[in-house]
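Residue numbers (this note's numbering), protein chains in the order written: chain P, 5 to 440; chain D, 564 to 739.
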């Protein structure tokens with residue numbers, strides 16, 4: 005099972021005669037002023053050769069989209085460089101095209117005209133432009149939709165026009181930023197299948213593809229290599245070849261083995277590391293309410309002691325991306341833990357899931373007090389006059405380590421946990437936290 | 564093959580790409596035989612309300628058989644799931660012209676001067692057997708299927724629908 009994935013070493017693939025297209029060398033990116041700068045990407049290195057379909061995987065906050073923009077030449081790196089065919093990239097890469105999550109098509113132009121517009125900078129005569137645009141629409145199966153306006157097209161068809169527009173300029177490398185994630189599940193299925201038909205059937209002039217996605221299953225379904233990024237900041241924590249034959253069967257053991265292995269890799273580094281220098285060293289999983297944690301533990305009842313995160317997410321109708329903060333919160337409260345791509349319900353978690361509301365509060369109270377932010381709020385309130393403090397007081401502390409928005413989310417989350425365990429409460433009128 | 568489907572039935576809200584996506588999923592899920600529709604909805608994270616019109620569309624086009632809450636691909640459904648982009652359009656066309664309503668509209672257009680008809684007139688015609696809402700929805704799906712199958716063209720600037728198939732194929736529909 006594990007044989008399907010090999011950790012990539014430079015020598016894994018025979019390199020003779022295969023040109024290297026993209027080389028990312030020591031690329032870092034930070035935002036903000038030097039004194040308070042936020043590191044988004046940290047020392048990224050990889051290269052992409054002809055014939056490769058590489059998936060760039062990572063959760064929110066891994067800087068994967070920023071990295072894609074750097075490869076395209078839309079955003080300069082703060083340090084390091086990107087080479088294309090051995091030459092340092094200067095501005096936008098003329099040999100690359102990019103497909104975004106959803107395309108801004110011109111609403112007053114037809115599908116055909118939208119594709120023709122992409123060809124305008126090439127300076128072709130109008131007849132030549134039309135012929136090329138028609139040919140590319142034909143190739144992606146949009147023959148018959150030439151005179152349709154974007155509003156007449158469903159999301160999937162619009163995205164096909166987006167692909168056609170990117171392909172029209174005959175790029176050597178196609179970059180894609182979550183190209184299927186704005187689509188409904190069936191349209192996404194159709195478009196993935198058709199993209200693979202064009203790619204594997206070598207019907208495209210394209211020599212390599214790089215796709216950003218947060219969807220591990222999608223990456224394993226399509227790509228022949230996955231580069232995995234950590235978050236806050238983004239660092240390369242895995243670089244695998246995915247050596248499964250096409251078409252890939254999502255129900256096969258080998259497929260699930262690869263998916264599982266990547267989940268394990270990503271969840272291993274899920275522990276919040278957002279602001280290590282912050283006074284409050286361990287932030288709460290953003291915006292996770294106790295109700296969601298309770299829902300997770302209830303979902304585990306009647307199952308084996310452990311459950312695959314991917315299956316659990318599907319049963320909870322969530323993306324794994326959304327589930328991870330909830331499992332992190334459960335872990336923080338001693339209700340369960342994530343191990344090797346599975347969520348394991350601990351005895352306390354089982355007791356919690358089976359208990360009534362009052363008992364749940366009792367069970368969780370001592371655990372909540374062990375959470376640094378909750379503990380801190382509780383002790384501050386205990387020593388305060390009237391056992392009340394304005395929320396601004398806590399927000400001020402939190403702002404030292406978090407953005408304005410995240411500071412508020414942290415406080416809201418702490419209030420939810422404090423309220424549930426009846427450790428403290430919040431008065432909406434006076435905007436104060438208090439102990440009754 | 565005689566059509567068993569009444570032309571008075573509106574076309575379900577099933578876009579081509581949704582039907583194809585469904586067939587691809589079914590090709591994978593029915594490897595061991597038919598699947599339960601409720602299960603399929605769960606697997607796709609689709610509510611039954613969203614899934615049923617798409618299934619109904621696939622059934623009208625004879626890509627799937629639905630029986631007792633289970634669904635399976637027909638031979639042509641499986642062929643469609645595995646065909647390439649251009650073959651799919653041909654298969655879809657063969658199936659679409661067997662749908663009673665599609666045939667009737669093709670026949671209607673074939674009798675018009677220039678094989679062209681305004682949206683309003685076609686809606687009027689549809690409204691003789693469908694409610695206003697369903698007539699409008701059916702029109703949208705008709706255009707979606709018709710464009711994909713390259714049977715119909717619709718110009719949203721002039722609001723005109725026209726027949727785009729070769730005359731030999733439109734003749735077949737005239738016999739309806």
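Cβ atoms here follow ideal geometry from the backbone N, Cα and C, with glycine treated the same way.
Only a predicted model underlies this, so the values are computations on that prediction, with no experimental measurement involved.
- In the three-state scheme derived from DSSP, where H, G and I count as helix and E and B as strand, residue 210(P) is classed as coil.
- For residue 585(D), there is no enclosing beta strand (DSSP E); the residue is part of the alpha helix (DSSP H) that begins and ends at 579-592.
- Of all alpha-carbon atoms in 254(P), 290(P), 347(P) and 270(P), the one lying nearest the alpha-carbon of residue 300(P) is that of 347(P).
- Within its own chain, the residues whose Cβ lies closer than 8 Å to the Cβ of residue 187(P), once the five positions on either side in sequence are excluded, are 159, 160, 163 and 195, listed in chain order.
- The C-beta of residue 250(P) has fewer than 16 other C-beta atoms within 10 Å across all chains shown, which makes the residue exposed.
- Residue 31(P) is positioned such that its CB atom lies no closer than 8 Å to that of residue 55(P).
- Of all C-beta pairs linking the region 574-587 of chain D to the region 614-633 of chain D, three or more are shorter than 8 Å, placing the two stretches in contact.
- With respect to residue 175(P), residue 67(P) sits apart: the two C-beta atoms are not nearer than 8 Å.
- Listed by position along chain D, the residues whose Cβ is nearer than 9 Å to that of residue 255(P) are 591, 592 and 594.
- The criterion of a C-beta distance shorter than 8 Å is not satisfied by residue 325(P) and residue 303(P).
- Taking 8 Å as the cut-off, the Cβ atoms of residue 123(P) and residue 136(P) count as close.
- Between residue 297(P) and residue 339(P) the beta-carbon gap is near 7 Å, inside 8 Å, which marks them as a contact.
- Among the residues of chain P, those whose CB is under 7 Å from the CB of residue 718(D) are 151, following chain order.
- Under the DSSP assignment, residue 309(P) falls outside any beta strand (DSSP E); it carries neither an H nor an E label.
- Put simply, the CB of residue 657(D) is far from chain P, with every gap to its CB atoms at 8 Å or more.
- Of all residues in the region 111-126 of chain P, none comes within less than 7 Å of chain D when Cβ atoms are compared.
- In the DSSP assignment, residue 186(P) falls outside any alpha helix (DSSP H) and carries neither an H nor an E.
- In the same chain as residue 70(P), and ignoring 5 residues on each side of it, the C-beta atoms closer than 7 Å to its own belong to 33, 44, 45 and 79, in chain order.
- Bridge pairing for residue 725(D): 679(D) and 716(D) [DSSP].
- With contact defined as three or more Cβ pairs closer than 8 Å, the region 654-671 of chain D and the region 622-635 of chain D are in contact.
- DSSP places residue 111(P) in the coil class of the three-state scheme, outside both helix and strand.
- For the region 309-336 of chain P, the beta-carbon criterion of a distance under 9 Å to any beta-carbon of chain D is satisfied by 318, 319 and 321.
- By the rule that beta-carbons nearer than 8 Å mark a contact, residue 648(D) touches chain P.
- Taking 8 Å as the CB threshold, residue 695(D) stays off the interface with chain P.
- The beta carbon of residue 704(D) sits no closer than 8 Å to any beta carbon of chain P.
- Distance between residue 425(P) and residue 344(P), taken at the CA atoms: about 31 Å.
- Closer than 8 Å at the C-beta level to chain D, one finds these residues of the region 192-220 of chain P: 192, 193, 194, 195, 197, 198, 201, 202 and 205.
- CA-CA distance, residue 222(P) to residue 63(P), rounds to 14 Å.
- DSSP places residue 667(D) inside the alpha helix (DSSP H), whose first and last residues are 663-673.
- Put simply, the CB of residue 190(P) is near chain D, with a gap under 8 Å to one of its CB atoms.
- DSSP links residue 346(P) through a beta bridge to 312(P) and 343(P).
- Per DSSP, reduced to three states, the secondary structure at residue 630(D) is strand.
- In the DSSP assignment, no residue is bridged to residue 398(P).
- Secondary structure at residue 295(P): helix, using DSSP grouped into helix, strand and coil.
- Contacts with chain D at 8 Å (Cβ-Cβ) do not include residue 185(P).
- Residues of chain P whose Cβ lies closer than 9 Å to the Cβ of residue 588(D) are, in chain order, 189, 190 and 193.
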